Amino acid sequence: MDLDSQVREIQHKYKIVGRSAELKKILIAYHSRKNILLEGEIGTSKTTLARAFSAYMDKNFIRVDGSEDVLSHVLTGYFDPPIVLEKGYNEDAFIYGPLSKAMKAGDVLFINELNRLPESTQNVLLSALDEGFLDIPKLKQLYSKNGFLVITTINPRAHVGTSSLGEALKDRFVWLNLAYQNEEEEIEIIIQKLTDFLIVTGSGIKKRSIVEIEILKKIATMAAKISRITRNHPNLQRSASIRAGIDLATLMLTYIINHSNALPLETVEFWYEAAEMALSTKIELEESSESSLKDVIHDCVHSVLKDF
Ligand SMILES: Nc1ncnc2c1ncn2[C@@H]1O[C@H](COP(=O)(O)OP(=O)(O)OP(=O)(O)O)[C@@H](O)[C@H]1O
Ligand SMILES: [Mg+2]
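Take any residue in the sequence shown, count from 1 to its spot, add 6: that is its number in this note's numbering.
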């Protein structure tokens, strides 16, 4: 099967909206035996794409979240002292870690926020990445099985609580940038989430099945526009991801389902309240901002609602 067909199959099977070019690059990197660094703002589908790729390739997705607690033995594995006392330093006594496990099985090791790993842990990855082996003292040199791949992420603006990403380590990845998707695709992602939500909760919009899809579309469009508008707002240093749009749309849908005759536009007040609920945890004011967070959110909601 050619690459484009594989991309379509991944999109279809794992409900990925858009991202054709990016999925294709991931496949090309994999077939070129290159490890991948995904760089993108919050919510730009880094985890979603890596998971879908792993599932499509029938590989386990072994996830590590970068933090200062992930010391090198956490990644490589360690000997269990009581078993060592009983049986010595052998395979039975060794507890594999995510790195050694993935290397042994030819699986995907997904490291979220690589730059949050302590430098000593980053160093352990070096030989595994380019030579495909890991030295496990007192046990063996572990060579990775064909197909072993590291996919890692960094957030372009991550600086708090992160050690710098070593050049040697960075050098061992190919890079893929994930920008925000366009409005149409974000709307489609939100509609998909709302549809899943209705199925999971079993709460269809009663007696309105014909207009149901129109209502979902309207809610998704408004929610997407409100979250997107934060991205150009001069008073914000952190703006809303797609998750804000999804949360806002879901709150609105729930409100509407539970107010029997409400239509999206007859619920103006709740749009402001739902936006505060959905956005306040996901955006941050510029230090110099003279408006409050609430004002900024109301501003964004207002500028979208006035056009509807
Ligand atoms: N292209 C897409 N198709 C379908 N769903 C998507 C897409 N992009 C994002 N989503 C949805 O948006 C949410 C955020 O995506 P995801 O968790 O993959 O982002 P991320 O880049 O890993 O975010 P973070 O930086 O916070 O880890 C998820 O619920 C995911 O299902
Ligand atoms: Mg993620």
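Don't be surprised by glycine CBs; every beta carbon is placed ideally from N, CA and C. The structure presented is a predicted model; accordingly, all values stated were derived computationally and were not measured.
Secondary structure of Asn121 (DSSP, three-state): helix. Ligand 2 approaches Thr53 closely enough that one of its heavy atoms is under 7 Å from the residue's Cβ. Of the heavy atoms belonging to ligand 2, at least one sits nearer than 7 Å to the Cβ of Asn118.
Taking the Cα of Glu191 as reference, the smallest distance to any Cα among Glu15, Ile101, Ser11 and Lys21 is reached at Lys21.
Residue state for Gly46 is assigned as strand, using DSSP reduced to three classes. Going by beta carbons, Asn183 and Gly46 fall inside the 8 Å limit. Boundaries for Arg69: no alpha helix (DSSP H) harbours it, while the beta strand (DSSP E) harbouring it runs Phe67 to Asp71, taken from the DSSP string. When only Cα atoms are considered, Leu204 and Asp64 end up about 29 Å apart. Cβ contact annotation for Leu135 (same chain, cutoff 7 Å, sequence separation greater than five): Asn41, Val156 and Arg178, in chain order. Short note on Arg25: C-beta closer than 7 Å to some heavy atom of ligand 1.
Within the DSSP bridge table, the entry for Val156 names Leu115 as partners. In the DSSP assignment, the residues bridged to Val180 are Ile42. Contact between the stretch 100-109 and the stretch 77-84 is present, with at least three C-beta pairs closer than 8 Å. A contact is defined here as three or more CB-CB pairs under 8 Å, and the stretch 226-240 meets this definition with respect to the stretch 272-285.
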